[in-house]
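A.B. asks: Chains as they are written, first to last, in this note's numbering: chain A, 423 to 702; chain B, 423 to 702.
Glycine residues also receive a C-beta, built at the ideal position from the N, C-alpha and C atoms.
The structure displayed is predicted, hence computed values, not measured ones.
Here it is, the structure in full.
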DNA sequence: TATAATAATGACTAATTGGTCATTTGTCAA
DNA sequence: TTGACAAATGACCAATTAGTCATTATTATA
């Protein structure tokens, strides 16, 4: 629906300037040139807009990062691909990124907090997948490495978002981050985060895990929305695969290839890839 | 004034739960058991409370970190001292720390943002002082190292603040962070942040620099407030030193020793130390 | 005890908030 | 042209906000 998109686009600008809380529905509707009532025809509440907003961006970004990493033919490229794609994603969606990093730690909204930590755990999964393909000096530093990689990301992204430093060369940034990570992997010996404390971190996330039923619902929705015949058919076939639990990974993998480049399908492709641990 | 302290103590609890914006003056006064009018006898506005609040904690914390680093007899200890003192400070003031890290990137309040970036630049100064005493593989990675150290701090502090991971062993955390930093210093070759971009970062901070006049005003205020005779006399003498610009660093250094352990004097001691680049 | 000075109160204002709903406007087919 | 239905409006509501100020309570002084 075109009105929904308009509201999101305009809300994006206001949220970036002021954050979620400080932006009123009135401001959004004024900025859209529509009435307050019209807003509530598109979204049940301000909260629903915020959640949709975060979902929309995070699904794209995470699916992009995951697919770029999982598509690496050599495990040597993973780290570099990860840093490049991640920085690129935040650069391309810099207005959203600004909001995301601000609200991540701040918001009081319980609903939103759960969403954010859900996506955070997905990022952790991707990074841990990469770390498992690195050669570590001490296997026990694994979770410290995870934390450090996230620290690198956070702090370099801050440079562009808070200090508005112009991003000159994404390639150098990537190389610099890859080097740092590899150095830590190679020479770190003193872990701080144990497996147990890592478990505590993971337990924080409530199980919004994706069972087949939820994925099938997503697929059905997409089948209605999507025009392209190949994507449509692939989705139908994927739906069948998920319903009859006897299915070939090869077929699923092939079908995913057909849909994964369609922006609307990215997220569902990611969920299925994750469900069946499909890589490379 | 005792009422001011009461308000701060109670506000601390509410701010930690809800943040600055979401906490109303009414809530604070209810929590204090005083009337709304009484609040405005102590603080001109909610904004003034917030600024005082941040000032109060940050001055203590930064003065502590700086003095612990500058007091190191061996430059080998600096890094470890820095990480230990910093983590300890955030642990001891964990309620404040939680607020600080949340508001740092979020707040819309221009006034507050300026304060926060002022203190941020002070932390940068301390870290750069430490880095100047490290042996770097490539001198050009200096500013990247600064950024990484800040990333380490941010992300490990988050563990305790957001995920509420119990902090078991501060010594191990310190050792782990020291190792990581030393490794990066020793092996990093690819800088991303140039001297020029570092300059851009520094230029962000408006010059709230401390000239003698401001420092003297602070001293005069302290002389009135403070009881202890030695601190009082030392402050008087320091004031004279600052007024007559012909002064001996040795005398100033000695006088600072007399006052630096008094919580009320810490900040002014820090400012003087910084003004005359007094170390060790 | 009487007077002056200070401290504290809480009802009040004006503005803003998210959200509602009776009313109006626009767009069709008949 | 009419009538039916959907889309859009914005005045309105109850709640909440920061901040004020005439009034009252408390304390110190004479």
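Just verifying my parser: in three-state terms, what is the DSSP assignment at residue 502 of chain B?
C.D. replies: On the second chain, residue 502 of chain B is found 80 positions in, with the first residue counted as 1. In this structure, residue 502 of chain B counts as helix in the three-state DSSP scheme.
A.B. asks: Flag residue 595 of chain B as yes if its beta-carbon sits less than 9 Å from any beta-carbon of chain A, otherwise no.
C.D. replies: Translated into positions along the second chain, residue 595 of chain B becomes position 173. With 9 Å as the cut-off, residue 595 of chain B counts as an interface residue toward chain A.
A.B. asks: Just to check my reading of the structure: residue 686 of chain B and residue 623 of chain B have Cβ atoms closer than 8 Å, yes? What is that Cβ distance to the nearest angstrom?
C.D. replies: What you label residue 686 of chain B is simply residue 264 of the second chain in a count that begins at 1. What you label residue 623 of chain B is simply residue 201 of the second chain in a count that begins at 1. With 8 Å as the limit, residue 686 of chain B and residue 623 of chain B do not qualify as a contact, their Cβ atoms being about 32 Å apart.
A.B. asks: So which of B/493, B/614, B/584, B/690 has the shortest CA-CA distance to residue 570 of chain B?
C.D. replies: The count along the second chain starts at 1 and reaches residue 570 of chain B at position 148. Of the candidates B/493, B/614, B/584, B/690, the one whose C-alpha sits nearest the C-alpha of residue 570 of chain B is B/614.
A.B. asks: Within the 9 Å Cβ cut-off, does residue 510 of chain B reach chain A?
C.D. replies: Taking the first residue of the second chain as position 1, residue 510 of chain B is located at position 88. Chain A contact via Cβ: absent.
A.B. asks: Could you tell me the alpha carbon to alpha carbon distance between residue 446 of chain B and residue 482 of chain A, rounded to whole angstroms?
C.D. replies: As a position in the second chain, residue 446 of chain B is number 24, starting the count at 1. As a position in the first chain, residue 482 of chain A is number 60, starting the count at 1. So the alpha carbons of these two residues sit roughly 37 Å apart.
A.B. asks: List, from N- to C-terminal side, the alpha helix (DSSP H) runs of 4 residues or more that fit wholly inside the region 453-504 of chain A.
C.D. replies: The qualifying runs are 458-464, 468-492.
A.B. asks: Which whole-angstrom value describes the C-beta separation of residue 471 of chain B and residue 429 of chain B, a residue pair presumed to lie in contact below a C-beta threshold of 8 Å?
C.D. replies: Translated into the one-based positions of the second chain, residue 471 of chain B becomes position 49. Translated into the one-based positions of the second chain, residue 429 of chain B becomes position 7. The Cβ separation is near 7 Å, so the contact holds.
A.B. asks: Please check if any C-beta of chain A sits within less than 9 Å of the C-beta of residue 454 of chain B.
C.D. replies: One-based indexing of the second chain puts residue 454 of chain B at position 32. Not an interface residue.
A.B. asks: How would you list, in chain order, the residues of chain A whose beta-carbon sits under 7 Å from the beta-carbon of residue 518 of chain B?
C.D. replies: The count along the second chain starts at 1 and reaches residue 518 of chain B at position 96. Here the premise fails: no neighbours, minimum Cβ distance about 15 Å.
A.B. asks: Start and end of the alpha helix (DSSP H) containing residue 543 of chain B?
C.D. replies: As a first step, residue 543 of chain B is located in the second chain; it is residue number 121 there, counting from the start. Unbroken alpha helix (DSSP H) run through residue 543 of chain B: 532-553.
A.B. asks: Since residue 579 of chain A and residue 511 of chain A should fall inside the 8 Å C-beta cutoff, what is the C-beta to C-beta distance between them, to a whole number of angstroms?
C.D. replies: By one-based count along the first chain, residue 579 of chain A stands at place 157. By one-based count along the first chain, residue 511 of chain A stands at place 89. With a Cβ gap of about 10 Å, residue 579 of chain A and residue 511 of chain A do not count as contacting.
A.B. asks: Using 8 Å as the Cβ pair cut-off and three pairs as the minimum, do the region 589-604 of chain A and the region 526-543 of chain A touch?
C.D. replies: Contact fails: fewer than three Cβ-Cβ distances are below 8 Å.
A.B. asks: Where are the alpha helix (DSSP H) runs, 4 residues long or more, that stay fully inside the region 585-642 of chain A, in chain order?
C.D. replies: Entirely contained in the region 585-642 of chain A, the alpha helix (DSSP H) runs reaching 4 residues are, in chain order, 592-609, 617-625.
A.B. asks: Thinking residue 515 of chain A and residue 574 of chain A are a contact (beta carbons under 8 Å), I'd like their distance in whole angstroms, please.
C.D. replies: Sequence index remark: in the first chain, residue 515 of chain A carries index 93 (1-based). Sequence index remark: in the first chain, residue 574 of chain A carries index 152 (1-based). Between residue 574 of chain A and residue 515 of chain A the Cβ distance is about 19 Å, and since that is not below 8 Å, they are no contact.
A.B. asks: What span of residues does the alpha helix (DSSP H) with residue 685 of chain A cover, start to end?
C.D. replies: What you label residue 685 of chain A is simply residue 263 of the first chain in a count that begins at 1. Here residue 685 of chain A belongs to no alpha helix (DSSP H), and DSSP marks it neither H nor E.
A.B. asks: Mapping the DSSP letters down to three states, classify residue 427 of chain B as helix, strand or coil.
C.D. replies: Here residue 427 of chain B is taken as the residue at index 5 of the second chain, counted from 1. In this structure, residue 427 of chain B counts as helix in the three-state DSSP scheme.
A.B. asks: Looking only at its chain, what residues have a beta carbon closer than 6 Å to the beta carbon of residue 565 of chain B, apart from the 5 residues adjacent to it on each side?
C.D. replies: As a working note, residue 565 of chain B is residue 143 in the second chain. Answer for residue 565 of chain B: 615, 620, listed in chain order.
A.B. asks: Give the secondary structure of residue 557 of chain B by DSSP, where H, G and I count as helix, E and B as strand, and everything else as coil.
C.D. replies: Position 135 of the second chain holds residue 557 of chain B. Three-state DSSP puts residue 557 of chain B in coil, outside helix and strand.
A.B. asks: Are there 16 or more other CB atoms within 10 angstroms of the CB of residue 611 of chain B, so buried, or fewer, so exposed?
C.D. replies: Locating residue 611 of chain B in the second chain gives position 189, where the first residue counts as 1. Its Cβ having fewer than 16 others within 10 Å, residue 611 of chain B is exposed.
A.B. asks: Express the C-alpha separation of residue 487 of chain B and residue 636 of chain B in angstroms, rounding to a whole number.
C.D. replies: Along the second chain, one-based indexing puts residue 636 of chain B at 214. Along the second chain, one-based indexing puts residue 487 of chain B at 65. Near 22 Å, if we compare the C-alpha coordinates of residue 487 of chain B and residue 636 of chain B.
A.B. asks: Using a Cβ-Cβ cut-off of less than 7 Å, list which residues of the region 446-478 of chain B approach chain A; keep chain order.
C.D. replies: Going along the region 446-478 of chain B in chain order, one finds no residue with a Cβ nearer than 7 Å to chain A.
A.B. asks: What does residue 612 of chain A touch in chain B if you count any residue whose Cβ is under 8 Å from its own?
C.D. replies: Walking along the first chain from the start, residue 612 of chain A turns up at place 190. Ordered by position in chain B, the residues that pass the 8 Å Cβ test against residue 612 of chain A are 594, 597, 598, 601.
A.B. asks: Just how far apart, CA to CA, sit residue 601 of chain A and residue 458 of chain A?
C.D. replies: Here residue 601 of chain A is taken as the residue at index 179 of the first chain, counted from 1. Here residue 458 of chain A is taken as the residue at index 36 of the first chain, counted from 1. Roughly 51 Å between the two C-alpha positions.
A.B. asks: For a cutoff of 9 Å on Cβ pairs, would you count residue 438 of chain A as touching chain B?
C.D. replies: By one-based count along the first chain, residue 438 of chain A stands at place 16. With 9 Å as the cut-off, residue 438 of chain A does not count as an interface residue toward chain B.
A.B. asks: Which whole-angstrom value describes the C-beta separation of residue 640 of chain B and residue 690 of chain B, a residue pair presumed to lie in contact below a C-beta threshold of 8 Å?
C.D. replies: On the second chain, position 218 is the one that residue 640 of chain B refers to. On the second chain, position 268 is the one that residue 690 of chain B refers to. With a Cβ gap of about 5 Å, residue 640 of chain B and residue 690 of chain B count as contacting.
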